[in-house]
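S.K.: Handing you a structure now.
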Amino acid sequence: MAGAYSTDDRDLALARVDHWLGADGRQEELEEAIASFLMVALPEEDNAFEEKDLQNPNFQTLLSGWLEADAPLSEFPCAAMAVLTTEKEELAAGSRRYLSLLADSRLGFFEIQELAPEFRLTLRDLLSGESCVIQGPEGSEQLETGDVLAARLLDGNHDDEKVLDSLVLLPGSAADIRILLHEYRQGLIQEGDDEVVQALESSKGDRVFRKLLAPVAGRLWMAGVEA
1283 MAGAYSTDDR DLALARVDHW LGADGRQEEL EEAIASFLMV ALPEEDNAFE
1333 EKDLQNPNFQ TLLSGWLEAD APLSEFPCAA MAVLTTEKEE LAAGSRRYLS
1383 LLADSRLGFF EIQELAPEFR LTLRDLLSGE SCVIQGPEGS EQLETGDVLA
1433 ARLLDGNHDD EKVLDSLVLL PGSAADIRIL LHEYRQGLIQ EGDDEVVQAL
1483 ESSKGDRVFR KLLAPVAGRL WMAGVEA
């Protein structure tokens, strides 16, 4: 496949994204995006968590993935697209492909339906109901049937191959999380900004909704942290 990406391509691309996010002149947009994430993940009325909890790698994975792929920053729809636009010629083909896939990705909530030999996972998307079989990532031996994952499902380097990116294990059952997602979407439609409501009710509503899910995944994960 043209422009297939390696682990090195991915790491290089994400290093460029981190550099772009931290560059002078973007601090205001970055702080606004983080505040928006935390507003959903940790509402003001919830003071059960300490600063150390916010530094947990799982929480940071959800936050960084949202900034890279979902949060509007400056004139760009996300940081991955910003790097593609401003540094395209300086990136290897594999890194460009990875960032393109990341920018176009949507966060998914997946239930593990089956664990097969050699760490093959059968996943069911909690929103679409669709199932797929993938090669599990490193650490898959610790997963169990019924676990729910927040992750991005990106195209791999071969036809029909999918790769889980930004994987976080969430607490709770699939049934509980489906109810919460439904309530969250209904709340957005009833109380959200007009622009968000119109987008959610359009033909692209499912895609828009998935682009808003990382803060919710953060809130779910934080709810499972022991005090």
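Reading the sequence shown from the start, the letters are residues 1283 to 1509 in my numbering.
Each residue gets a CB set at the ideal place from its N, CA and C atoms; glycine is no exception.
Here the structure is a predicted model, which means the values were calculated and not measured.
1. Hey, could you find the ends of the alpha helix (DSSP H) Arg-1402 is sitting in?
2. For the beta strand (DSSP E) containing Asp-1352, name the first residue and the last one.
3. Quick one: what's got a C-beta closer than 7 angstroms to Cys-1414's C-beta in the same chain, skipping five residues either side?
4. Would you check if the distance between the CB atom of Leu-1366 and the CB atom of Ala-1385 is smaller than 8 angstroms?
5. At which residues does the alpha helix (DSSP H) containing Glu-1369 begin and terminate?
6. To the nearest angstrom, how far is it from the Cα of Leu-1312 to the Cα of Pro-1399?
7. I believe Gly-1500 touches Ala-1323 by the beta-carbon criterion, under 8 angstroms. Please report the beta-carbon distance rounded to the nearest angstrom.
8. For Ala-1432, count the other beta carbons within 10 Å of its own beta carbon; 16 or more makes it buried, fewer makes it exposed. Which is it?
9. Just mark Glu-1393 as buried or exposed, buried being the case when its beta carbon has 16 or more other beta carbons within 10 Å.
10. Residues in the same chain with beta-carbon distance under 6 angstroms from Arg-1292, minus the five sequence neighbours each way, listed in chain order, please.
11. When you compare only the Cα positions, how much space is there between Ser-1346 and Met-1321?
12. Should Glu-1350 go down as buried or exposed, given a rule of 16 or more other Cβ atoms within 10 Å for buried?
13. Could you spell out the range, first to last residue, of the beta strand (DSSP E) harbouring Leu-1397?
14. Return the chain-ordered list of same chain residues with a C-beta closer than 8 angstroms to the C-beta of Gly-1487, the five sequence neighbours on each side being excluded.
15. Using the rule of at least 16 other Cβ atoms within 10 Å of the residue's Cβ for burial, across every protein chain shown, is Ala-1353 buried or exposed?
M.R.: Once the coordinates are examined:
1. First-last for Arg-1402: 1402-1407, but that is the beta strand (DSSP E), not the alpha helix (DSSP H).
2. Per DSSP, Asp-1352 belongs to no beta strand (DSSP E) and is neither H nor E.
3. Leu-1405 and Lys-1444
4. yes
5. 1361-1369
6. 43 angstroms
7. 4 angstroms
8. buried
9. buried
10. Tyr-1380
11. 15 angstroms
12. buried
13. 1389-1398
14. Ala-1481
15. buried
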